[in-house]
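Asker: Start counting the sequence shown at 1; every next residue gets the next number (our numbering).
Yeah, the Cβ is synthetic: ideal placement off N, Cα and C, and Gly gets one too.
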Amino acid sequence: MARERDFGPVQLADWLGLEPRTVRRAQARGLIPPPDIDDERWSLGLAKTIPDRLAEITAAFGDGDAASRSTGSAPKEPRRAGAAKGRSFGPYQLAGRLGLENWQIGRGQQKGVVPPPDVDGKRWSEAVADMLAGRVEEIRATVGDHPGVGSVKAAEHLASRTGLEVDRVDVQALAGRGLLEPVGTFKEHPMYSLDDLDGLPAEEVGATVKEREDWLAASMTGKEAAAYLGWPLGTFEVTAERGGVRAGRLGRYARTDVDGLRDGA
1 MARERDFGPV QLADWLGLEP RTVRRAQARG LIPPPDIDDE RWSLGLAKTI PDRLAEITAA
61 FGDGDAASRS TGSAPKEPRR AGAAKGRSFG PYQLAGRLGL ENWQIGRGQQ KGVVPPPDVD
121 GKRWSEAVAD MLAGRVEEIR ATVGDHPGVG SVKAAEHLAS RTGLEVDRVD VQALAGRGLL
181 EPVGTFKEHP MYSLDDLDGL PAEEVGATVK EREDWLAASM TGKEAAAYLG WPLGTFEVTA
241 ERGGVRAGRL GRYARTDVDG LRDGA
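1. Is the stretch 205–214 touching the stretch 156–175 in the sense that three or more CB pairs, one from each, lie closer than 8 Å?
2. Once the 5 residues before and after G72 are set aside, which same chain residues still bring their CB inside 7 Å of it?
3. In the DSSP assignment, find the alpha helix (DSSP H) that holds P20 and state where it starts and stops.
4. What is the residue span of the beta strand (DSSP E) that H189 lies within?
5. Quick check on R161: does DSSP put it in helix, strand or coil?
6. My understanding is that V114 touches G148, with C-beta atoms under 8 Å, so please give their C-beta distance in whole angstroms.
7. First and last residue of the alpha helix (DSSP H) that includes T235?
8. Just to confirm, is the Cβ distance from H189 to G150 under 7 Å?
9. Leaving out five residues on either side along the sequence, give the residues of the same chain with a beta carbon under 6 Å from the beta carbon of S193.
10. How long is the line joining the alpha carbons of W231 and A247, rounded to whole angstroms?
11. Taking the CB atoms as reference points, tell me whether R97 and A60 lie closer together than 7 Å.
12. When the Cα atoms are used, what is the spatial distance from A240 to F89?
13. As an exercise, report each continuous beta strand (DSSP E) stretch of at least 3 residues that is fully enclosed by the stretch 167–217, in chain order.
14. In terms of residues, what are the limits of the alpha helix (DSSP H) holding T256?
15. Mind checking whether V119 and V166 have CB atoms under 7 Å apart?
16. Does the contact criterion of 3 or more C-beta pairs under 8 Å hold for the stretch 154–170 versus the stretch 136–146?
17. Where does G112 land, buried or exposed, given buried means 16+ other C-beta within 10 angstroms?
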């Protein structure tokens, strides 16, 4: 079965009819969501949500007539809510009304400072929008001014700051110890504040990296263990299970356990 199509930043820009720099700027402003595949690429499903925002993106950054190029016709005027239902706002319209970035609305919901939509479970009524207009500073103070980064970008940020070879699993380990708290989530993946990353003691980061490196040196993958023993992988896995040997962190087996299997064979 063919793998679903996905996009790097340049491919996404070409697909949307935008310049790559516009994609970068729109992502920084929250108009384009962060990549959902390894923090580097956009899935086809996520990419399909972006064309509806092209008019807003081109209005913000003046990227020529991209919306017209991508559809073959001039962009349509936004549909106005019916008068019978009263005025209401989607998340991007609400952000614009309040002078917030789009991501701050979703993060505000996660933090409890923006209530759930009260119109059909998708939109906010004008009454709620008016109420939130008086709480903009509270929302900003709660959610911050940066959407945060995923574990891959967090590791890159820490590596640049410390000079160490930090991996995303080190970020996950720091979070697991309570040294790093996610500021929110995207697609159920945790997002981390740059300020919190900068506040981590360098010695804690170093100790976490060393612990991972020590474990890598003292362990093997299943394939490595099978090759070391001269066994087929299936033989190794069955023998390990019968011998009570379980994979540890990162799905790796302790070398001492592997040697024990050989000695007991």
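Answerer: This is what the structure holds:
1. In short, these stretches touch, since the Cβ pair count reaches three.
2. The predicted model places G72 with a pLDDT of 44, which falls under 50 and marks its position as unreliable; any figure quoted below should be read in that light. Cβ within range, chain order: n/a, list empty.
3. 20–28
4. That run of the beta strand (DSSP E) goes 189–191.
5. Correct three-state label for R161: helix.
6. V114 to G148, Cβ: 17 Å. No contact.
7. It spans 233–242 - the alpha helix (DSSP H) in which T235 sits, taken as one unbroken run.
8. In this structure, the beta-carbon distance from H189 to G150 falls below 7 Å.
9. G148, V183
10. 17 Å
11. The answer is no: Cβ separation not under 7 Å.
12. 58 Å
13. The DSSP assignment places complete beta strand (DSSP E) segments of no fewer than 3 residues inside the stretch 167–217 at 184–186, 189–191, in order along the chain.
14. 255–264
15. no
16. No, because fewer than three Cβ pairs between the stretch 154–170 and the stretch 136–146 fall closer than 8 Å, the two stretches do not touch.
17. Under the 10 Å beta carbon count, G112 is surrounded by fewer than 16 other beta carbons and is classified as exposed.
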